[in-house]
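Be aware that the sequence shown starts at 26, since it is given in my numbering, and climbs by one per residue.
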Amino acid sequence: MPIESEEIDRPLRADLHIHTEYSMDSASKIEDIISTCVKKGLNCLSVTDHGAIEGAVKMQKIAPFKVIISEEILTRNGEIIGMFLKEKISGGLSPQDTVSLIKEQGGLVYIPHPFDRFRSPLDEQALEEIIGSVDIIEVYNARIILLRYISQAQALAEKYNLPMGAGSDAHTLGEIGKSWVEMPDFDGPQGFLKAIRLAKIHGHRSSPFVHISSSLQKKRKHDT
């Protein structure tokens, strides 16, 4: 069923990939993230902490805007994001098992930073094996270093007629909103899937030095 025109007239500015202090490589506090989003005009976030949903759950309760409870999950073959989750999903499983657990919760399968060899992308063979269950491909991640990864992700989404997402992958407050999508309002996972197909992607790449901040924060948390 097509989205009605009045829905399109009420766009959201959504950053679909951010991290809070509940990620092992971020120190961004929930209240500070909310304040930053309000200042920058963002009114929808997908909170994608590594191996945790506590931050997303807490933010959803107090934020004056939409918060999607998500998790960036490290499988045996790279990272997958589960969106609209109700429970945390453990890492270290196969991509197939991880996808099954996301779907069991009524969630969506979002593939972050595919092809970006500087991070932990899902390897190409594993991605091919689960592509029939993938809901969204992240085509613009503000932490991408090489532009060719963006064009490769876009080509993948177009090949399989999958919606395209974008996000800052912010681990610090200054990164929030570097990349975002303008999309219609939605209600629930299926409404999101309809709305994201009408999204317009906006964004700029973050400085490569943001990766140093994440590495230092990860070491700091490991040492304490």
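For glycine and all other residues, C-beta sits at the position ideal for the given N, C-alpha and C.
To which residues of the same chain is Ser-145 closer than 7 Å at the C-beta, ignoring the five residues directly before and after it?
Leu-99, Gly-103 and Glu-104
Ala-191 and Val-164 look like a contact to me (Cβ under 8 Å); what is the Cβ gap, rounded to whole Å?
6 Å
Rounded to whole angstroms, what's the CA-CA distance from Ala-220 to Leu-118? Just pull it up for me.
30 Å
By Cβ distance, which residues of its chain are closer than 6 Å to Ile-226, with the 5 residues on each side in sequence left out?
Tyr-165, Ala-191 and Val-206
Assuming Lys-111 and Glu-96 make a contact with CB atoms under 8 Å, what is their CB distance in whole Å?
Lys-111 to Glu-96, Cβ: 11 Å. No contact.
Would you mind sorting Ile-87 into buried or exposed? The rule is 16 or more other CB atoms within 10 Å of its CB.
exposed
If distances are taken between C-alpha atoms only, which option among Asp-194, Gln-177, Met-189 and Asp-122 comes closest to Ala-224?
Met-189
Opposite Glu-104 in the DSSP bridges: which residues?
Leu-99
For Lys-86, which of helix, strand or coil comes out of DSSP?
helix
Would you call Ser-30 buried or exposed, if buried means 16 or more other Cβ atoms sit within 10 Å of its Cβ?
Here Ser-30 scores only 36 on pLDDT, less than 50, and its place in the model should not be relied on; the value that follows carries that caveat. So Ser-30 ends up on the exposed side.
Nearest by alpha-carbon distance to Leu-181: which of Glu-200, Lys-128 and Phe-140 is it?
Phe-140
Looking only at DSSP bridge pairs, what is Gly-228 linked to?
Ser-204
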